[in-house]
Structure formats: structure tokens, C-alpha cells
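Protein sequence lines correspond, in order, to chains A and B.
The first sequence lines up with residues 1 to 113 when you count with the working numbering.
The second sequence lines up with residues 114 to 224 when you count with the working numbering.
All C-beta atoms, glycine included, are put in the ideal place defined by N, C-alpha and C.
To start, the structure under review is shown below, and the notes come after it.
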Amino acid sequence: AQSVTQLDSQVPVFEEAPVELRCNYSSSVSVYLFWYVQYPNQGLQLLLKYLSGSTLVKGINGFEAEFNKSQTSFHLRKPSVHISDTAEYFCAVSYNQGGKLIFGQGTELSVKP
Amino acid sequence: SQTIHQWPATLVQPVGSPLSLECTVEGTSNPNLYWYRQAAGRGLQLLFYSVGIGQISSEVPQNLSASRPQDRQFILSSKKLLLSDSGFYLCAWSVKDQPQHFGDGTRLSIL
């Protein structure tokens with residue numbers, strides 16, 4: 001069965017510093033990978049997705065993620081964070097693009113001035 | 114463009130009362146529809162999904178039920194709420210070859 005592990009529940013970081021949010025998945029078949037962001041009391045917004053092709057995926061708000069098949073990872077990165085990036089970030093996996101998602105437990109990113 | 118609406122945004126209900134949360138999607142046809150629950154400090158748990166009118170799949174046993182009376186309408190219900198039903202409920206939609214898109218959620222508090 002598929003599962004998603006987000007290795008850090010909370011990541012505090014100073015403004016303009018780089019950040020990496022880690023995500024590992026377990027699946028014996030090909031999957032599609034997603035990162036979503038959730039601001040307080042709001043729904044989830046798609047940051048980026050990996051479907052096929054280039055392993056480096058660029059998303060909105062300056063985020064990018066790299067798909068590593070051998071390590072079954074899909075870590076999210078941003079070279080310089082802003083206060084406005086403070087939010088909860090969810091990694092998710094699916095067998096097909098329009099199908100059910102399996103979510104990780106989320107990582108709370110807190111950007112401090 | 115496609116939009117998704119959930120209401121109400123917040124709801125406070127006593128234990129044992131009924132529940133009805135509604136979700137509608139505009140701008141697309143025959144979407145897959147989903148209900149998730151997000152408990153405090155936890156990830157999202159898929160409760161129900163639907164691939165068409167009247168077709169509901171339940172992912173976990175629980176005190177809730179779902180219905181899809183129209184193509185773009187998805188309703189989450191309960192006859193008698195429990196304290197454990199508190200949480201943030203999110204509706205989502207998707208179509209083939211597209212990722213899921215989420216509504217703004219309903220914050221449900223049970224007293």
C-alpha cells in the first residue's frame with residue numbers, strides 16, 4: 001500500500017534563508033507526486049506536481065521539488081523564504097492524476113523575521 | 114474557469130444533532146468528488162469519494178455518510194454527531210489528468 005512520510009512536523013527558519021521540506025513515499029509502482037500548501041483556516045492550494053519527465057519540478061511562489069526515484073523522495077525547496085511562506089505544507093501521492101490522494105502528515109513551516 | 118464552493122465556513126453543533134455540509138463545483142462536468150477530514154495537528158484523511166451521481170465509496174468506517182444527488186453536488190451528512198466528528202472538512206474535485214482542487218473548508222466544532 002502507498003504511504004507518505006513527511007520527516008519534519010515543524011520547520012522554523014529565518015526570513016531569506018533557504019529551506020527544504022522532506023517527503024518520502026513508499027510504492028512499488030509508478031506514482032504521481034504533489035505538494036500542497038495550506039494557509040490558516042483555508043483549503044489546500046497546489047504548489048507543484050510531478051507527473052513524468054524532468055525530475056526537477058518548478059511550482060508557484062518560487063518553490064521547486066526534485067523527484068528521486070532511487071530514494072523514493074520528493075523534497076520541496078525554496079532558496080529564500082519570505083514571512084508570507086509561513087503555512088502548512090503537505091506532500092501527496094497518487095496512482096493517477098485525477099484519482100485518490102494519499103497525504104503525508106504535513107510540515108508546519110514557520111518563517112521568522 | 115472551475116470553482117468549488119463549500120458551506121458553511123464554520124459550524125458549531127451539539128452532540129447528537131444532525132449534520133449537512135454541502136459542496137458544489139462549477140465550470141466542469143462529471144468531476145470526481147472527495148470529502149476529507151483534517152483533525153487538529155494531523156494530516157488529511159479521505160472519508161468519501163465519488164466518480165458519478167449516486168456512486169459513493171467510503172474509505173473509513175465512521176458516523177458520517179455522503180451523497181451525490183447531482184453531478185456537481187456532494188453532501189456530507191450525519192444523523193447524530195459525536196465529539197470525535199470535530200475537525201476541518203475539505204471538499205475537493207478532480208477530472209482526468211488533472212490534480213485535485215480544494216474548497217476553503219468547513220470548521221466543525223461539536224459541543
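With a threshold of 8 Å between beta carbons, F90(A) makes contact with chain B. Contact between Y89(A) and T72(A) does not hold, since the beta-carbon distance rounds to 18 Å and is not under 8 Å. Annotation: N61(A) is outside any beta strand (DSSP E) and is labelled neither H nor E by DSSP. Residues of the region 197-222 of chain B whose Cβ lies closer than 9 Å to any Cβ of chain A, in chain order: F201, L203, C204, A205, S207, V208, K209, D210, Q211, P212, Q213, H214, F215, G216, D217, G218 and R220. In this structure, S190(B) sits near S180(B), with a CB-CB distance shorter than 8 Å.
For E135(B), the uninterrupted beta strand (DSSP E) segment begins and ends at L132 to E139. Within the same chain, S110 and K112 come within 7 Å of P12(A) by CB-CB distance, once the 5 residues on both sides are set aside.
Residues of chain A with a Cβ closer than 7 Å to the Cβ of L124(B) do not exist, since the nearest Cβ in that chain sits about 13 Å away. Annotation: Cβ neighbours of G156(B) in chain A (cutoff 7 Å, chain order): F90, F103, G104, Q105 and G106.
For G59(A), there are no C-beta contacts with chain B under 8 Å, since the nearest C-beta of that chain is about 11 Å from it.
Rounded to the nearest whole angstrom, the C-alpha separation of V125(B) and V29(A) is 43 Å. Scanning the region 32-108 of chain A from its first residue to its last, the whole beta strand (DSSP E) runs of 3-plus residues come out as 32-38, 44-50, 56-58, 64-68, 73-78 and 87-94.
When DSSP states are grouped into helix, strand and coil, S27(A) belongs to the coil group. Taking 8 Å as the cut-off, the Cβ atoms of N145(B) and V164(B) count as close. Nearest CB-CB separation between F74(A) and chain B: not below the 8 Å threshold. Against L159(B), the close residues of chain A are K100, L101, I102 and F103, in the order they occur along the chain (beta-carbon pairs closer than 9 Å).
Across the set F67(A), N61(A), H75(A) and G59(A), the C-alpha of F67(A) shows the shortest separation from the C-alpha of G53(A). In terms of beta-carbon proximity, F34(A) lines the interface with chain B, with at least one pair separated by less than 8 Å.
Near chain B, meaning a CB-to-CB distance below 9 Å, the residues of the region 39-56 of chain A are N41, Q42, G43, L44, Q45, L46, K49 and L51. Setting aside the 5 residues that flank it on each side, S3(A) is surrounded in the same chain by S26, each with a C-beta closer than 6 Å to its C-beta; the list follows chain order. L47(A) is a Cβ neighbour of W35(A), given a cutoff of 8 Å.
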